[in-house]
Amino acid sequence: MNSVPQNKKILFVDDEESILDIAREYFLQKGYEVRTAHNGLEALQILKGEKVDCCFTDINMPEMDGLELAENIRIHDNTIPVVVMTGYPSLDNTIQTLKNGVVDFLIKPVNLNQMELCVRRVLRERHLFIDNVLLRKEVESKARLEQLNQELLFKVDELNILNRIMGDFTAISTSSDVFQRVVDLAIEIIHADQSSFYVINDAVKKPFRVTQAKAGSVDAESDLDHNAIEPKAPHSSTDPHPDLCQGQLNQLLLEIVSDELPLLVTENAGTQKLSQETRSFMGVPLKIRDKIFGVLTAAITRSAKRFSEKDLYYLSFMTQTAAQAIENLALYENIYENLFATLYGFVKALEARDPYTQQHSTRVTNIALAIGKQMLFSPEDLDVLNVAGRLHDIGKIGIRDDILLKPGRLTKEEYEKIKEHPSMGAEIVGQLGLWDKEREIIRSHHERFDGTGYPNGLGGQDIPLLARVMSVADAYDAMASDRAYRQRMKSERILNILEEGAGTQFDPEIVEVFLALHHKGSIGIDLP
Ligand SMILES: [Fe+2]
Numbered sequence: 008m009n010s011v012p013q014n015k016k017i018l019f020v021d022d023e024e025s026i027l028d029i030a031r032e033y034f035l036q037k038g039y040e041v042r043t044a045h046n047g048l049e050a051l052q053i054l055k056g057e058k059v060d061c062c063f064t065d066i067n068m069p070e071m072d073g074l075e076l077a078e079n080i081r082i083h084d085n086t087i088p089v090v091v092m093t094g095y096p097s098l099d100n101t102i103q104t105l106k107n108g109v110v111d112f113l114i115k116p117v118n119l120n121q122m123e124l125c126v127r128r129v130l131r132e133r134h135l136f137i138d139n140v141l142l143r144k145e146v147e148s149k150a151r152l153e154q155l156n157q158e159l160l161f162k163v164d165e166l167n168i169l170n171r172i173m174g175d176f177t178a179i180s181t182s183s184d185v186f187q188r189v190v191d192l193a194i195e196i197i198h199a200d201q202s203s204f205y206v207i208n209d210a211v212k213k214p215f216r217v218t219q220a221k222a223g224s225v226d227a228e229s230d231l232d233h234n235a236i237e238p239k240a241p242h243s244s245t246d247p248h249p250d251l252c253q254g255q256l257n258q259l260l261l262e263i264v265s266d267e268l269p270l271l272v273t274e275n276a277g278t279q280k281l282s283q284e285t286r287s288f289m290g291v292p293l294k295i296r297d298k299i300f301g302v303l304t305a306a307i308t309r310s311a312k313r314f315s316e317k318d319l320y321y322l323s324f325m326t327q328t329a330a331q332a333i334e335n336l337a338l339y340e341n342i343y344e345n346l347f348a349t350l351y352g353f354v355k356a357l358e359a360r361d362p363y364t365q366q367h368s369t370r371v372t373n374i375a376l377a378i379g380k381q382m383l384f385s386p387e388d389l390d391v392l393n394v395a396g397r398l399h400d401i402g403k404i405g406i407r408d409d410i411l412l413k414p415g416r417l418t419k420e421e422y423e424k425i426k427e428h429p430s431m432g433a434e435i436v437g438q439l440g441l442w443d444k445e446r447e448i449i450r451s452h453h454e455r456f457d458g459t460g461y462p463n464g465l466g467g468q469d470i471p472l473l474a475r476v477m478s479v480a481d482a483y484d485a486m487a488s489d490r491a492y493r494q495r496m497k498s499e500r501i502l503n504i505l506e507e508g509a510g511t512q513f514d515p516e517i518v519e520v521f522l523a524l525h526h527k528g529s530i531g532i533d534l535p
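Heads up, the numbering used here is the position in the sequence shown plus 7, with the first residue counted as 1.
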């Protein structure tokens, strides 16, 4: 015979006191603990206060019947087996009790012996059931724990990366460095093979790459090196990245700008405007003061990696942080130098594309400054002249290479394009919200004294004085340097042209100052 389960507690629920008495007497003798209740509510009270191992209940009782009690027990603790004792088992009752998680039936009048067998069976089953539930719970919680741990690791990882990006940008003190840093980070953090930053906006309609980094190169290549005194060799002919078919890519960049949305091409299926070598690609627009300034791109050309949404998230975060860094830099006093460095970097990159214009801006600036000093300009005006001189041709970054670098004569249409550069330059500088005076000089450096110049046909005193100075300096240097389409002119010829242009192309007073300086040997001795 099976031994009596020790310390097992049975709850009997019946509105007939005599049945409770008999059950209590019998099971206490058998070594069980016994609790009794007269209806469902009383039973639930007991269950709230103590643990029971098994429950026998009548169906028809006041306050709360047995079926409702069974349902409540299931909700309270679904490991407690409930056995129903009923005098009138109907089909409805049977179905309902099964639904409520009742494990067995006993038909009244209940035989005590039968009851005890039932108790032993349900307790055994309960034991197995609990083991099972516990086991399952343990497995589940382990899996959940692992998942949480994984998620936590990802979060920590992500946080580290985001912090790293933020930290990297706060350490930067010039905006030109921001562009270099952002492409370096794209290589390092999202493991791109190539990353570039293109300036492209309302003013610069053709994407102009200002900086690029490639995986595996110790010092990422930079087109933007404002500290370099010597301009770099032109790389129009030695472009190290012919793999991106530029025309198509440009179109894609323009689409990113007009959509104002990041682009993710996980797998280049050949339908995108990407070169075959580009396996995976991302482009994110960079906005400064809510206006698009350029596009940061990342490409996979060699590795087996493919960009994911997460990579796009990181690239977007980098772009935003870079923009924020530029805007923050703008809040400090050195913004002037910072942005100037950035823009001047563009000019250097531009001049580097055309061997004939290398250092043109520097020379023009020096000549303009010499004239300005001779004319006793204020230190502020000389400063303006210095910045405007270096940036006067910045608008040319919006002009296609085949026009800009054309060796032969320009067609009328091409010339019209070239004539857009003063306005474009003014827009680029203006977009940053600084240098109103410089901006006007940049815009007006091709105006003529007789009012037949461009872009606005201003004449005489309507042309800002500093722009009139710039015009003479610019013309002189252009004639004194070799160009793609002609050799530099002889000094005598240049001076003649300037003299003849006095009053038509140039302000006669400024030409006079220039000629005097030239005569003294202060200008143009060893030019170019
Ligand atoms: Fe110009």
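Backbone N, C-alpha and C fix where the C-beta goes; we use that ideal spot for every residue, glycine too.
- Counting of Cβ neighbours within 10 angstroms places V189 among the buried residues, the total reaching 16 or more.
- Cα atoms of A330 and D266: separation of roughly 18 Å, rounded to the nearest angstrom.
- Look at the beta carbons and you see the segment 374-389 touching the segment 476-491: at least three pairs across the two are nearer than 8 Å.
- Note on R360: 16 or more other CB atoms within 10 angstroms of its CB, so buried under the neighbour-count rule.
- Look at H367: its beta carbon is at least 7 Å from all of the heavy atoms in ligand 1.
- Note that the segment 76-91 touches the segment 60-67; at least 3 beta-carbon pairs, one per stretch, sit closer than 8 Å.
- When secondary structure is reduced to three states using DSSP, T304 falls in the strand class.
- Fully contained in the segment 364-420 are the following alpha helix (DSSP H) runs of length 4 or more, in chain order: 367-381, 386-398, 408-411.
- Assignment of S203 by DSSP, reduced to helix, strand and coil, places it in the strand class.
- The chain-ordered list of residues whose CB is nearer than 7 Å to some heavy atom of ligand 1 reads H399, D400, H428, P429, H452, H453, D481.
- Spanning the alpha carbons of G432 and E153 requires a straight line of approximately 58 Å.
- For I295, DSSP records a beta bridge to K298.
- Looking at the DSSP output, T93 shares a beta bridge with I114.
- Remark: C-beta atoms of R446 and G460 do not approach each other more closely than 8 Å.
- If you ignore the 5 residues before and after R500, its C-beta comes within less than 8 Å of the C-beta of M486, all in its own chain and listed in chain order.
- The three-state reading of DSSP puts E40 in strand, counting E and B together.
- Here D408 is exposed, its C-beta having fewer than 16 other C-beta atoms within 10 Å.
- When DSSP reads this structure, V109 sits in a beta bridge with V89.
- Remark: C-beta atoms of D111 and V90 approach each other more closely than 8 Å.
- Separation of R216 and I530 (C-alpha to C-alpha, rounded to the nearest whole angstrom) is 35 Å.
- In the three-state DSSP reduction, Q154 falls in the helix class (H, G or I).
- Taking C-alpha positions only, V129 is separated from F19 by approximately 15 Å.
- For K221, the uninterrupted beta strand (DSSP E) run begins and ends at 215-221, by DSSP.
- Going by C-alpha positions, K16 is about 10 Å away from F34.
- A contact between stretches requires three or more CB pairs, one per stretch, nearer than 8 Å, and the segment 280-288 meets this requirement with the segment 298-306.
- Around L411, the same chain offers D361, K403 as residues with beta carbons nearer than 7 Å, after the five sequence neighbours per side are excluded.
- DSSP places V272 in no alpha helix (DSSP H) but in the uninterrupted beta strand (DSSP E) bounded by 270-272.
- Comparing C-alpha distances from L261 to each of E274, G467, D388, I299 shows the shortest one belongs to I299.
- Nearest C-alpha to D21 among A480, G56, E70, Y320: E70.
- Assigned with DSSP and collapsed to three states, D164 falls in helix.
- Of the other Cβ atoms in all chains shown, 16 or more fall within 10 Å of the Cβ of S451; this residue is therefore buried.
- Going by DSSP, V59 is part of no alpha helix (DSSP H) at all; its letter is neither H nor E.
- F176 is positioned such that its CB atom lies no closer than 8 Å to that of G301.
- With distances taken between CA atoms, A332 lies nearest to M173 out of D457, M173, E316.
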